[in-house]
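A quick write-up on the structure given underneath.
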Amino acid sequence: MTGRAQQLRDALAPEADNASARFAGHHRGRLPGSATVHGVQMQAVQGLGLHVPGPSCHVGIGIEHWTAFEPTDDPITCQRAACVHAARNPPKDSVDVHQMLLDLDVPQGPGQQEAPTGT
Ligand SMILES: [Zn+2]
């Protein structure tokens, strides 16, 4: 990385971190001035080694949108393939916890204990 790129990276890193923090626990987002809800995917900022959340379909990606791409819990409405895929395949951590409990294959009955560790 050139000195100039490093300077740019250093200047943008806090904004990238802030953008990532805002999307913690959110997997859908909206670009400014748009009602369309997109899936969210971490995206590399070319040449800078930074990653920021952006629309899965890569529409509207630009440094100017890092702080403007807003997290939402509304349903995905974008019809581009990557966002349709995101809507059909939500990340595991966004699945309703009660549904997850129903899906678990939990051993039942007495005698089910954790295996001893160590020797
Ligand atoms: Zn989209």
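Residue 119, in the UniProt record's numbering, is where the sequence shown stops; the numbers in between run on with no holes.
All C-beta atoms, glycine included, are put in the ideal place defined by N, C-alpha and C.
Could you name each continuous beta strand (DSSP E) segment of 3 residues or more that falls completely within the UniProt region "Disordered" (1 to 34), going from the start of the chain to the end? 28 to 30
Which residues count as close to ligand 1 when the rule is a CB under 6 Å from any of its heavy atoms, in chain order? H38, P55, S56, C57, V59, C78, R80 and C83
Bridge partner(s) assigned by DSSP for Q43: Note: Q43 sits in a beta bridge opposite V52.
Among A11, N18 and A5, which one has its Cα closest to the Cα of V52? N18
Return the first residue and the last residue of the alpha helix (DSSP H) that R88 is part of. Segment A81 to R88, the alpha helix (DSSP H) holding R88.
Could you say which of A82, T72, A87 and G47 lies nearest to S34 if we only look at CA atoms? T72
Alpha carbon to alpha carbon, how far is D74 from A21? 19 Å
Judging by CA-CA distance, which residue of P91, C83 and N89 is the nearest neighbour of R30? Checking every option, the nearest Cα to that of R30 belongs to C83.
Burial state of H58, where buried means 16 or more other Cβ atoms lie within 10 Å: With fewer than 16 other Cβ atoms within 10 Å, it is exposed.
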